[in-house]
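J.: Input: one structure, supplied below.
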Amino acid sequence: MSEKSPIKLSGFSVRLGERLLFDVDSFEPKAGSSTVIIGQTGSGKSVLLKSIAGILPSGPFTIKGNIELKGIPTYVDGKKAGFKTWRAIRQSGIAFVPAETAQAVNPALTLDQNLNILAPEARDLVVERLKKYFSLDFSKYAGKYPDEASGGEMQRMTLIFLLSHKADVIFLDEPTVNLDRQLRKRFAEFLNSEILGKDGKTILMVSHDIDFIRLLNLDNIIALKDQKLVAMDKLPETEGMKKSEEEAQGEAGLVLKKLSQGYLVRSIFGERRTTAFTDLNVSFRPGHIYGITGPSGCGKTSMVRAILRLLDYSSGDIDLGGQNLIDLKPVERGYDPPEFKPYRKKIAIVQQDSRFSFFPDLKIRDSLREIHDVLSPETEFTLDGVKALMKKIQLPEATLDSYPQSLSSGENKRMDIVRVLDSRPEVILLDEPFAHIDFDTRALVMKAISEYLDESKAILIVVTHEEFDLKYFIQTAYDFPSIVKSAV
Amino acid sequence: MRIICAVILLLPVLLAWIPGMSRTPLLGLPDAYWANLVKSFQEVSITLAATVVIAALITLILSYFSILYWAVGKAFRWILDIVESIPSILIALFCYAPVSVVLAKNPESASAALSLFVFIFAAVLTTLPESVRGITIPLSELYHRKYSISFRAYAFTKARILFILMRSRAMLDAIKRSCATILLKTLVLDCSFGFIIQIGMGSYGTPAHTSPGALIAANRDAIFAISANSARSPIMFWLPVILLIMVSLSFLVILSGKKEEAV
């Protein structure tokens, strides 16, 4: 490995406002090596990776120091190189795989057209890899638009598109956030067989998913701790909170009876109706933590949206406190009928991507006020409860004065969970709530949710892919395909 | 810096409105030619300003209601697809056909006003499909893929969520890009239509209003007038060409904004 390192950082630091995210004295991974950077949520891992890859927006950050990529200076004394330099570097072969890979595709183009833009030289390789590692037949998706494939399918396809593009330096930013357990294993198998240590490729990945990292054949493990990069001999052990093993007791609060959910897909002759799942029978008792697991695209998120009454084509019963919610609101027309309105406050959700849970151009504090004014106009707005919860999960109060785009995915997620707990709902739906949160912080968040549950006896349903959540948090887990008659 | 560049490149349109400009020919150009040049840039600026205001307003309304009501969106998409399948020049010709007799019978000033009105209508029609698409795609993406679940769960109505998203920074950038596209397409239509009408009918522009494209067509043989005795100079051809390139570049400068974040 005498070849010069394609990545070289010296005295490189980034500040977000007054806050120092990291200060890297020197970082020079060997050419052809694979390195993972781990660290707490919000520690600045993704910002570091984006700086090196040249895609960090200059706006809110103060940058100092130097970076060289493939021997070309890309930051000199904190000043970013020009467009021509970056174009030359990109053309020489670098690939960046974002956390939300679906962002890499153009929604107005078909998947085939997207492939022709993202990896035009590797079409056959993409088709072969999708089939071999993810059991996906690309010919069935080629003519479809991105919104016609499920989140999991899009994640798999875009991962393969981006990783098949001819590149010898590859950056991966939390690549597993939308992959279920099985797919994570297959993705690890793919990385080990085709990418890591192959063809002199230099890999730099950031991830908090210790269980996934354990599956990979990586050369270096580095922690971003106290704003510095620290080399580690081995991965830290993961420990969560001790969960209660109590059986669910009492009357069921939320009962789904013979619930079926359909949706429309585009076809040659306009839209046609298809089925997400049929005959779902399950009940949830208050004060107990239920987990819903299952492969990507099996209908878990559709179930959550059906309970929220944000979908058409629902049939069966969604019984909450003796009232069938489908009768109250059979269709979604963009507003709620008066008889359903009280239920909006009773049911709360933390959606998969919490960056979109707050107003895009308002500070978190102002977003919370706006949301409160619509959801609970009869009560006075106060941040006391929010601040107490933030303290519990070690989220600094300064977060309230930040904009969503200046927070990390994990910080947005934690803020969203605080919002939900503070609104004191009767039913809490958490869709992949911990995917962006590191394991240490995750235990704190789980504890805060459990305490709320003990106190309020709310109903909690967690859709999750994570082994950690099942081990340390979920009391009763349902495998979604096994509780429905048929799922897509 | 980008704004300064755009303003400098827009100077031909801005200078045309300085009082007395049409009576002070520069570069030794003939008085009549200079007056027509200034008039053509005045009229093209009216066309551009009116088209961008009307088209942007209609675009915002159509985009908003297309996402708000699925059936409305489907109907407009069908209509705009048909409009887009017809070449812009033909649309402009179709728009002029019903009023051609009125244009011929009326005095020059009334004719010019009506002609401008018809042209603006044609320009709005031809720019709408692309500008509506330029707004509905990002708005639909923001609503359906990003904000609908959480904001609907907070009891915000779809209409209010769309209104909030329309005012977001991402959408304001999309609207700005859409306006620049409208301006560019209108300029191209105005000049190409003027060029064709001049060649076909010998008039200085669209049936009754002056266009830089028509001036270029009228002076196309001046590029060969290199003799000192010639009454026409090659600059009579190149000047409107250069000025139009400057104006087009200013719209491209606006369009190219946010490139860094789009990488």
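As given, the protein sequences belong to chains V and W, one line each in that order. Using this note's numbering, you'd call the opening residue of the first sequence number 44 and step up by one each time. Using this note's numbering, you'd call the opening residue of the second sequence number 1109 and step up by one each time. Ideal Cβ placement from N, Cα and C applies to all residues, glycine included. Small disclaimer: the values here were computed from a predicted structure and weren't measured.
(1) Give a yes or no on whether 8 Å exceeds the smallest Cβ distance from W/I1257 to chain V.
(2) As a quick exercise: from W/S1300, W/L1280, W/S1174, W/G1321, pick the residue whose alpha carbon is nearest that of V/D404.
(3) Could you check which residue in W/T1244, W/Y1251, W/V1207, W/L1247 has the C-alpha nearest to that of W/A1230?
(4) Are at least three pairs of beta-carbons, each pair with one atom in the stretch 1226 to 1242 of chain W and one in the stretch 1272 to 1292 of chain W, less than 8 Å apart?
(5) Use the C-beta contact count for V/D180: other C-beta atoms within 10 angstroms, 16 or more gives buried, fewer gives exposed.
(6) Taking all protein chains shown into account, do 16 or more other C-beta atoms lie within 10 angstroms of the C-beta of W/R1277, making it buried, or fewer, making it exposed?
(7) Is the beta carbon of V/T14 less than 8 Å from the beta carbon of V/L202?
(8) I'd like the list of long-range same chain contacts for V/V273, defined as Cβ closer than 7 Å, with 5 residues on each side in sequence excluded.
(9) Which of the three DSSP states, helix, strand or coil, is assigned to W/L1122?
(10) Got a sec: is the Cβ-Cβ distance from W/Y1262 to anything in chain V below 8 Å?
(11) I'd like to know if V/D355 contacts chain W, where contact means its C-beta is closer than 8 Å to some C-beta of that chain.
(12) For a contact meaning CB atoms closer than 7 Å, what does W/S1276 contact in chain V?
(13) With DSSP collapsed to three states, give me the class of W/E1368.
(14) Can V/G240 and V/S77 be called in contact, C-beta distance under 8 Å?
(15) Against chain V, with Cβ distances strictly below 8 Å, would W/A1267 count as a contact?
(16) Looking at the secondary structure, which residues open and close the beta strand (DSSP E) in which V/P116 lies?
(17) From V/C341 to V/R130, what distance separates their C-alpha atoms?
(18) Below 8 Å on the Cβ atoms is my contact criterion, and I expect V/I137 with V/A96 to pass it. Report the Cβ-Cβ distance as a whole number of Å.
(19) Give the list of continuous alpha helix (DSSP H) stretches no shorter than 4 residues that lie fully inside the stretch 326 to 371 of chain V.
(20) What are the partner residues of V/K123, as DSSP defines its beta bridges?
(21) Does W/W1142 pass the burial test, meaning 16 or more other C-beta atoms within 10 Å, or should it be called exposed?
(22) Go through its chain and collect everything with a Cβ distance to V/A530's Cβ below 6 Å, but skip five positions before and after it.
(23) Just mark V/T425 as buried or exposed, buried being the case when its beta carbon has 16 or more other beta carbons within 10 Å.
(24) Listing by chain order, which chain W residues have their CB less than 7 Å from the CB of V/F399?
(25) Just to confirm before moving on: does the CB-CB distance between W/T1235 and W/K1293 stay below 8 Å?
(26) In chain order, what residues of the same chain lie with their CB nearer than 7 Å to the CB of W/T1318, ignoring the 5 residues before and after it?
(27) Counting only C-beta atoms, is W/L1236 closer than 8 Å to chain V at any point?
(28) Considering only the beta carbon of each residue, do V/L278 and V/L302 sit closer than 8 Å?
(29) For the alpha helix (DSSP H) containing V/Y176, name the first residue and the last one.
(30) Could you give the residue range of the beta strand (DSSP E) that holds W/V1207?
(31) Output needed in chain order: residues of the stretch 320 to 352 of chain V with a Cβ under 8 Å from some Cβ in chain W.
(32) By the 10 Å Cβ neighbour count, where 16 or more other Cβ atoms means buried, how is V/H251 classified, buried or exposed?
(33) If you pair each beta-carbon of the stretch 429 to 437 of chain V with each one of the stretch 353 to 365 of chain V, do three or more pairs fall below 8 Å?
(34) Given that a residue counts as buried once 16 or more other Cβ atoms are within 10 Å of its Cβ, and exposed if not, what is W/E1369?
(35) Kindly indicate the opening and closing residues of the alpha helix (DSSP H) around V/D68.
(36) Classify W/I1111 as buried or exposed, calling it buried when 16 or more other Cβ atoms lie within 10 Å of its own Cβ.
T.: Taking the structure as given:
(1) yes
(2) W/L1280
(3) W/V1207
(4) yes
(5) exposed
(6) exposed
(7) As shown, chain V starts at 44 and ends at 531. That puts residue 14 of chain V outside it, with no answer to give.
(8) I265, A266
(9) helix
(10) yes
(11) no
(12) P403, D404
(13) Model confidence at W/E1368 stands at a pLDDT of 39, short of 50, so the residue's coordinates are unreliable and nothing is read from them.
(14) yes
(15) yes
(16) 115 to 119
(17) 40 Å
(18) 7 Å
(19) 343 to 350, 368 to 371
(20) V/Y118
(21) buried
(22) Caution is warranted here: a pLDDT of 48 is assigned to V/A530, below 50, making its placement in the model unreliable, and no coordinate value can be reported.
(23) exposed
(24) K1254, Y1255, S1258
(25) yes
(26) N1144, K1147, S1148, E1151, Y1312
(27) no
(28) no
(29) 166 to 177
(30) No beta strand (DSSP E) contains W/V1207, which DSSP labels as neither H nor E.
(31) R348, L351
(32) buried
(33) no
(34) Confidence at W/E1369 is low in this model, with a pLDDT of 40, below 50, so the placement of that residue is unreliable and no value is reported for it.
(35) Segment 62 to 70 is the beta strand (DSSP E) holding V/D68; no alpha helix (DSSP H) there.
(36) exposed
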